[in-house]
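Just below is one structure, and these are the notes that go with it.
Numbering (this note's numbering), first residue to last: 17 to 166.
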């Protein structure tokens with residue numbers, strides 16, 4: 017089942033269970049997917065899971081920043097709302113690699129690319145992107161690769 021179908025089914029389930037907060041959260045996700053569809057239609061492309069995953073990660077990033085600002089601004093109720101949305105979005109992402117596995121994969125990619133300096137970081141990132149595609153959060157990988165090549 018594709019990610020789009022899973023999200024649609026979860027929306028229907030939440031509507032039947034009258035979970036209005038979850039319905040609103042999932043509708044926000046579907047609205048962003050429709051935005052991707054419109055943008056892709058202009059280019060004659062079709063949106064797949066590999067396009068939806070980075071969009072979900074960007075949604076998490078923006079909500080994390082918002083929650084931090086709300087907490088700093090003394091609005092914990094709004095921060096909790098953002099954090100609940102983050103948890104809903106995370107259910108649609110593949111499970112993250114643990115640190116040991118991630119470090120091993122980065123070391124393997126550095127060896128495969130033959131990288132020895134920061135100038136070759138793009139090669140390492142290309143190897144990781146080819147191997148894992150959108151399943152790997154490059155925002156999490158980037159600082160580790162930089163540290164290894166420095």
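Glycine included, each C-beta is placed from N, C-alpha and C at the ideal position.
- Distance from residue 82 to residue 98 at the Cβ level is roughly 5 Å; contact confirmed, criterion being Cβ atoms closer than 8 Å.
- For the options 136, 150, 123, the alpha carbon positioned closest to that of residue 110 is the one of 150.
- When secondary structure is reduced to three states using DSSP, residue 36 falls in the helix class.
- Using a Cβ-Cβ distance cut-off of 8 Å, the region 147–162 and the region 119–130 are in contact, since at least three pairs of beta carbons, one from each stretch, lie closer than that value.
- Between the alpha carbons of residue 55 and residue 71 lies a gap of roughly 13 Å.
- Between residue 112 and residue 153, the CB-CB gap stays under 8 Å.
- Between the alpha carbons of residue 27 and residue 47 lies a gap of roughly 12 Å.
- Taking a 10 Å sphere around the C-beta of residue 57, we find fewer than 16 other C-beta atoms and assign the residue as exposed.
- Residue 41 is not a Cβ neighbour of residue 93, given a cutoff of 8 Å.
- Its Cα nearest to that of residue 115, the residue 161 stands out among 161, 78, 24.
- When secondary structure is reduced to three states using DSSP, residue 17 falls in the coil class, being assigned neither helix nor strand.
- Annotation: the continuous alpha helix (DSSP H) that includes residue 147 extends over 137–148.
- Cβ neighbours of residue 49 within its own chain (closer than 8 Å, five residues either side excluded): 20, 23, 63, 68, 71.
- Residue nearest to residue 147 within the set 129, 104, 36 is 129 (criterion: CA-CA distance).
- Put simply, the backbone Cα of residue 34 is about 24 Å away from that of residue 76.
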